[in-house]
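A short worksheet on the structure shown next.
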Ligand code: GLU
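Numbering (my numbering), first residue to last: 6 to 292.
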């Protein structure tokens with residue numbers, strides 16, 4: 006029988022904004038296999054109400070059952086957790102670590118291309134590193150349509166961190182991945198913790214939800230590798246446990262491009278409709 010300390014709890018956390026494709030199948034089965042003999046959970050990441058559809062949520066369950074996966078009920082839904090996200094944001098605001106931001110993408114691009122800035126724009130996990138235009142603003146002056154950003158420099162000061170390090174235990178066991186405070190400030194920057202009109206962002210919600218679900222091993226694609234540094238910072242500030250991490254490879258198309266939801270040709274439902282067996286599909290993904 007497995008010893009309690011060795012039993013993993015993992016999760017697959019799709020957004021119901023389109024049909025699942027081969028990349029999702031790979032992510033979900035990776036999470037489920039690494040949980041075994043522990044627990045594999047499903048979480049629905051549906052904070053972007055304008056893009057989420059109930060029919061895609063139904064299809065997620067159908068596709069995952071077809072792949073042979075199962076998970077406990079009830080399923081956590083981010084749209085039901087807005088008060089939790091709000092409380093965490095209020096706590097970060099009391100600590101003086103967040104600020105309201107009214108910049109649109111075009112404003113950020115314009116600020117970054119202004120000649121007086123004299124620096125080459127750096128791309129972070131969410132796109133160009135935010136130039137700090139609104140950093141002087143205070144939360145008491147926030148407007149309803151503002152986004153809320155983390156002041157990463159203050160956040161690192163608050164936890165007295167000169168660097169953030171984590172292990173990716175399966176791919177590079179025993180070798181911590183590190184990023185210095187200076188690199189985090191320059192290369193990740195003030196990320197959004199609440200998107201305009203949404204009450205949270207991926208970064209804030211994922212940290213709170215993984216803790217609430219007691220996830221011990223977060224498995225997700227390598228594209229989210231840099232985001233993990235942000236998540237460790239938030240976990241430390243909010244007093245949440247840091248799970249273990251495994252960033253897996255991404256499934257690419259023949260041209261080497263990462264699969265996206267719009268590549269409907271690779272939707273799992275189409276393989277199912279064509280009579281492909283789940284076993285053959287998993288085999289083609291290397292399982
Ligand atoms: N909803 C996110 C995605 O589909 C989940 C990321 C994660 O597992 O942390 O990319």
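For every residue, glycine included, the Cβ atom is placed at its ideal position computed from N, Cα and C.
Own chain residues within Cβ distance below 6 Å of residue i, not counting five before or after
{"i": "residue 197", "result": "152, 154, 206"}
{"i": "residue 8", "result": "No answer about residue 8 holds up, because its pLDDT of 46 lies below 50 and its placement is not dependable."}
{"i": "residue 249", "result": "174, 222"}
{"i": "residue 272", "result": "24, 26"}
{"i": "residue 18", "result": "48, 50"}
Residue i CB to nearest heavy atom of the ligand GLU below 7 Å
{"i": "residue 54", "result": "no"}
{"i": "residue 237", "result": "no"}
{"i": "residue 33", "result": "no"}
{"i": "residue 19", "result": "yes"}
{"i": "residue 50", "result": "yes"}
{"i": "residue 293", "result": "A query on residue 293 cannot be resolved here, the shown segment of the chain reaching from 6 to 292 and no further."}
{"i": "residue 142", "result": "no"}
{"i": "residue 225", "result": "yes"}
{"i": "residue 46", "result": "no"}
{"i": "residue 229", "result": "yes"}
{"i": "residue 80", "result": "no"}
{"i": "residue 211", "result": "yes"}
Residue i classed as buried or exposed, judged by whether at least 16 other C-beta atoms fall within 10 angstroms
{"i": "residue 4", "result": "What is shown of the chain runs 6 to 292, which leaves residue 4 out entirely."}
{"i": "residue 48", "result": "buried"}
{"i": "residue 257", "result": "exposed"}
{"i": "residue 3", "result": "This structure leaves residue 3 out entirely; the chain is present only between 6 and 292."}
{"i": "residue 282", "result": "exposed"}
{"i": "residue 127", "result": "exposed"}
{"i": "residue 50", "result": "buried"}
{"i": "residue 80", "result": "exposed"}
{"i": "residue 41", "result": "exposed"}
{"i": "residue 63", "result": "exposed"}
{"i": "residue 224", "result": "buried"}
{"i": "residue 292", "result": "exposed"}
Neighbourhood of residue i by C-beta, 8 Å cutoff - its chain only, sequence neighbours within 5 removed
{"i": "residue 6", "result": "In this prediction, residue 6 has a pLDDT of 40, which is less than 50 and means its spatial position is unreliable; nothing more can be read from the coordinates."}
{"i": "residue 240", "result": "212, 216, 246, 247"}
{"i": "residue 242", "result": "97, 100, 102, 160, 163, 164"}
Below-8 Å beta-carbon distance, residue i vs any chain D residue
{"i": "residue 178", "result": "No chain D is present in this structure, which holds just one protein chain."}
Sequence-distant residues of its chain with Cβ nearer than 7 Å to residue i (five each side left out)
{"i": "residue 204", "result": "87, 90, 91"}
{"i": "residue 226", "result": "32, 252, 253, 255"}
{"i": "residue 150", "result": "201, 202"}
{"i": "residue 13", "result": "39, 40, 43, 221, 222"}
Inter-residue Cα distance where the pair is residue i and residue j
{"i": "residue 158", "j": "residue 21", "result": "34 Å"}
{"i": "residue 102", "j": "residue 209", "result": "13 Å"}
{"i": "residue 212", "j": "residue 173", "result": "17 Å"}
{"i": "residue 29", "j": "residue 165", "result": "37 Å"}
{"i": "residue 284", "j": "residue 71", "result": "10 Å"}
{"i": "residue 37", "j": "residue 176", "result": "17 Å"}
{"i": "residue 183", "j": "residue 278", "result": "45 Å"}
{"i": "residue 251", "j": "residue 188", "result": "22 Å"}
{"i": "residue 171", "j": "residue 73", "result": "32 Å"}
{"i": "residue 276", "j": "residue 195", "result": "41 Å"}
{"i": "residue 261", "j": "residue 148", "result": "43 Å"}
{"i": "residue 214", "j": "residue 233", "result": "14 Å"}
{"i": "residue 82", "j": "residue 58", "result": "13 Å"}
{"i": "residue 180", "j": "residue 289", "result": "30 Å"}
{"i": "residue 34", "j": "residue 145", "result": "45 Å"}
{"i": "residue 130", "j": "residue 113", "result": "15 Å"}
{"i": "residue 238", "j": "residue 93", "result": "14 Å"}
{"i": "residue 75", "j": "residue 110", "result": "40 Å"}
{"i": "residue 60", "j": "residue 134", "result": "35 Å"}
{"i": "residue 56", "j": "residue 201", "result": "14 Å"}
{"i": "residue 116", "j": "residue 143", "result": "20 Å"}
Can you list, in chain order, the stretches of the alpha helix (DSSP H) that have 4 or more residues and sit fully within the region 7-90?
Scanning the region 7-90 from its first residue to its last, the whole alpha helix (DSSP H) runs of 4-plus residues come out as 27-40, 59-71.
Ordered list of alpha helix (DSSP H) runs contained in the region 98-132, each at least 4 residues
As far as the region 98-132 is concerned, its whole alpha helix (DSSP H) runs of at least 4 residues are 110-118.
Quick one: complete alpha helix (DSSP H) runs, 4+ long, within the region 207-261?
Within the region 207-261, the complete alpha helix (DSSP H) runs of at least 4 residues are 207-217, 232-243.
Of all the alpha helix (DSSP H) runs that stay within the bounds of the region 125-187, which reach a length of 4 or more residues?
For the region 125-187, whole alpha helix (DSSP H) runs of length 4 or above, ordered along the chain, are 157-163.
Could you pull out every unbroken alpha helix (DSSP H) segment of at least 4 residues lying fully inside the region 263-292, listed in chain order?
If only uninterrupted alpha helix (DSSP H) runs of at least 4 residues are considered, those enclosed by the region 263-292 are 273-278, 283-289.
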